[in-house]
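Enquirer:
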Amino acid sequence: MYIARAWSWFRHYWLPQQVTPVWQVICLAAVTAMNDGRKHLWQALRSRQRGGDALGQVADLVPKAASHAAGRFWLELLDFAAQSTAPTGWERIGEDHPFFAISGPVGEQRLSVAVSLAAAELVQRVQAPE
């Protein structure tokens, strides 16, 4: 499944019939991930300062922090999807939803995340100890 850049940056305008609680979870995961990426960047900056490196050479830290945040985003979605059943009201998620999918009979519907191979690699990096 391909996820358009507009979806990942929440610039895509969804129609009113879209499931709002789903997007609340996605937005919360994004904000949590961005905060985690920010913390990761500042921790790396402080570590570099303690090592005596100049702050002017931090360009390599930003992509690492961004990658960490992206992995955390997918990890948050996967963690939410690991719940026993899909929350009430989520049964209206369409097959074209860029992040979540619903399967199973009514009342026992399971939630899954459409994770690409690249996203799975990001999640593995976030979970790996440094």
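Per this note's numbering, the sequence shown starts with residue 1, numbered consecutively. By construction, the Cβ of each residue, glycine as well, lies at the ideal position given by its N, Cα and C atoms. Since this is a predicted model, take the numbers as computed values, not measurements.
(1) Would A119 pass as a contact of E76 if the rule is Cβ separation under 7 Å?
(2) Buried or exposed: which applies to L122, given that a residue is buried once 16 or more other Cβ atoms fall within 10 Å of its Cβ?
(3) Classify R50 as buried or exposed, calling it buried when 16 or more other Cβ atoms lie within 10 Å of its own Cβ.
(4) Using the Cβ count rule (16 or more neighbours within 10 Å means buried), how would you classify G94?
(5) When you compare each of T32, S112, K64 and W23 to Q43 by their alpha carbons, which one comes out closest?
(6) Counting only runs that start and end within the segment 71-116, where is the alpha helix (DSSP H) found for 4 or more residues in a row?
(7) Helix, strand or coil for V58 per DSSP?
(8) Does the segment 80-93 touch the segment 32-41, meaning 3 or more C-beta pairs lie closer than 8 Å?
(9) Thinking A82 and A101 are a contact (beta carbons under 8 Å), I'd like their distance in whole angstroms, please.
(10) Return the CA-CA distance between Q109 and L78, expressed in angstroms with no decimal places.
Expert: Concretely, from the data shown:
(1) Counting from one through the sequence shown, the residue named residue 119 turns up at place 119. Counting from one through the sequence shown, the residue named residue 76 turns up at place 76. It is not a contact, given that the beta carbons lie outside the stated cut-off.
(2) Translated into the one-based positions of the sequence shown, residue 122 becomes position 122. By the 10 Å Cβ count, L122 comes out buried.
(3) Your numbering for residue 50 matches position 50 in the sequence shown. Looking at its Cβ environment, which holds fewer than 16 other Cβ atoms inside 10 Å, R50 is exposed.
(4) For the purposes of this step, residue 94 is taken as residue 94 along the sequence shown, with counting starting at 1. Its Cβ having fewer than 16 others within 10 Å, G94 is exposed.
(5) Along the sequence shown, one-based indexing puts residue 43 at 43. Among T32, S112, K64 and W23, the Cα nearest to that of Q43 is on K64.
(6) Fully enclosed alpha helix (DSSP H) runs of 4 or longer: not present.
(7) Numbered from 1 along the sequence shown, position 58 holds the residue referred to as residue 58. Coil, per DSSP.
(8) Between the segment 32-41 and the segment 80-93, the count of Cβ pairs shorter than 8 Å is below three; the stretches do not touch.
(9) Here residue 82 refers to the residue found at position 82 of the sequence shown. Here residue 101 refers to the residue found at position 101 of the sequence shown. With a contact defined as Cβ atoms closer than 8 Å, A82 and A101 miss out at about 14 Å.
(10) In the sequence shown, the residue the question calls residue 109 occupies position 109. In the sequence shown, the residue the question calls residue 78 occupies position 78. Rounded to whole angstroms, Q109 and L78 show a C-alpha spacing of 16 Å.
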